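Here is the structure we will look at.
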Amino acid sequence: MKGANMTYFWEGLLIGFAVLAPIGMQNLFIINTALVQKASRIIITILIVAFFDLTLSVSAFYGIGAIFDIWPFLKGIVLLLGGAVIFYMGYTVFNSEPNVSHVDTNVTIWNIVTTAFAVAWLNPQALIDVTMMFGAVKASIPEESSIYFLLGYIVSAFAWFGALSTIIHKLAKRIKISQLVWINRICGLILFGYGAKLFIDGVLLYI
Numbered sequence: 630m631k632g633a634n635m636t637y638f639w640e641g642l643l644i645g646f647a648v649l650a651p652i653g654m655q656n657l658f659i660i661n662t663a664l665v666q667k668a669s670r671i672i673i674t675i676l677i678v679a680f681f682d683l684t685l686s687v688s689a690f691y692g693i694g695a696i697f698d699i700w701p702f703l704k705g706i707v708l709l710l711g712g713a714v715i716f717y718m719g720y721t722v723f724n725s726e727p728n729v730s731h732v733d734t735n736v737t738i739w740n741i742v743t744t745a746f747a748v749a750w751l752n753p754q755a756l757i758d759v760t761m762m763f764g765a766v767k768a769s770i771p772e773e774s775s776i777y778f779l780l781g782y783i784v785s786a787f788a789w790f791g792a793l794s795t796i797i798h799k800l801a802k803r804i805k806i807s808q809l810v811w812i813n814r815i816c817g818l819i820l821f822g823y824g825a826k827l828f829i830d831g832v833l834l835y836i
C-alpha cells in the first residue's frame with residue numbers, strides 16, 4: 630500500500646472500532662452467545678454477525694442512504710417497526726435464563742443467521758446512522774482509495790468481535806449462574822429502553 634492508501638486503511642480501522650465498540654445490538658448478541666455456547670458455535674456466530682454487519686456497512690458506503698433521501702417517509706416506518714422488533718427482543722432476553730452447565734448447543738445455523746440478520750438489518754438505528762455516516766465518509770475519500778478504507782473497517786469488525794467473544798467466553802467459566810441471569814436482565818432492560826426510544830422517535834416524526 631502507498632502512504633496515502635495506508636492512511637485511509639488506518640482511518641477505516643479506527644472508525645470501525647469507534648462504531649463497533651459501543652455495546653449495541655451486535656455486541657449484546659455476541660456477549661450472550663459467548664456466555665453460553667461452545668467455541669465452534671461462537672466462531673460461526675462471529676462470522677455470520679460480521680457478514681451481515683459488513684454487508685450493511687458496504688451497502689451504506691456505496692449509497693443505500695440515498696433511499697431515505699428519495700423516500701424520507703421510510704425513516705419513520707423503519708423506526709416504528711424496528712423499535713417494536715427490538716422491544717420484543719428485549720422481552721425475550723429479559724426472560725431467558727442461561728445455564729452454563731446445561732447449555733442448548735443445538736441451535737441451528739438458520740436460527741443464528743436469522744437472528745444476526747435481524748440484529749444488523751432490522752436495527753433502525755444502524756440503518757439510519759450507518760447509512761448517513763458512511764455516505765459522508767464516501768464523499769470525502771477519493772474513489773480509488775475507498776477500497777482501503779473498507780478493508781480497514783473489515784479488519785476492525787473481525788478483530789473486535791473476536792476479541793469481545795474470547796474475553797467473555799473465558800470469563801464465563803468464572804461467572805456464577807445467578808450472575809448470568811442478571812446479565813440477561815440488564816441486557817433485556819437496555820433493549821426495552823432502546824426499542825421504546827426508537828418507537829417514540831418514529832411516532833414523533835408523524836406528529
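The numbers in my numbering rise by one with no breaks, and the one at position 47 of the sequence shown is 676. Idealized CB from N, CA, C, for every residue including glycine. Small disclaimer: the values here were computed from a predicted structure and weren't measured.
Pairwise C-alpha distance: Gln666 and His731: Here residue 731 refers to the residue found at position 102 of the sequence shown. Here residue 666 refers to the residue found at position 37 of the sequence shown. Note that His731 scores 47 on pLDDT, short of 50, meaning its location in the model is unreliable and no value can be drawn from it.
Beta-carbon proximity check, Phe821 vs Thr744, cutoff 8 Å: For the purposes of this step, residue 821 is taken as the residue at position 192 of the sequence shown. For the purposes of this step, residue 744 is taken as the residue at position 115 of the sequence shown. Contact: no.
Proximity to Leu685 [Cα-Cα], best of Leu649, Ala668, Asn813 and Gly705: Position 56 of the sequence shown, counting from 1, holds the residue named residue 685. Of the candidates Leu649, Ala668, Asn813 and Gly705, the one whose C-alpha sits nearest the C-alpha of Leu685 is Leu649.
Cα-Cα separation, Gly817 to Trp750: In the sequence shown, residue 817 corresponds to position 188, counting from 1. In the sequence shown, residue 750 corresponds to position 121, counting from 1. Computed Cα separation, rounded: 20 Å.
8 Å Cβ shell around Lys634 - same chain, five flanking residues per side excluded: As a working mapping, residue 634 is identified with position 5 in the sequence shown. Checking the sequence shown, residue 634 turns out to be Asn, not Lys. For Asn634, where only same-chain residues beyond five positions count, the Cβ hits under 8 Å are Ser774 and Tyr777.
Boundaries (first-last residue) of the alpha helix (DSSP H) holding Lys704: What you label residue 704 is simply residue 75 of the sequence shown in a count that begins at 1. Taken as a continuous stretch (DSSP letters only), the alpha helix (DSSP H) holding Lys704 covers Phe702 to Phe723.
Beta-carbon contacts of Lys767 that lie in its chain and below 6 Å, excluding the five residues immediately before and after: The residue labelled residue 767 in the question sits at position 138 within the sequence shown. Scanning its chain for C-beta atoms nearer than 6 Å, with the 5 sequence neighbours on each side dropped, one finds around Lys767 the residues Phe690, in chain order.
Start-to-end residues for the alpha helix (DSSP H) that takes in Arg803: Walking along the sequence shown from the start, residue 803 turns up at place 174. Counting along the chain, Arg803 falls outside any alpha helix (DSSP H), and DSSP gives it neither H nor E.
Where the alpha helix (DSSP H) containing Leu683 begins and where it ends: Translated into positions along the sequence shown, residue 683 becomes position 54. Per DSSP, Leu683 is one residue of the alpha helix (DSSP H) stretching across Ala668 to Phe690.
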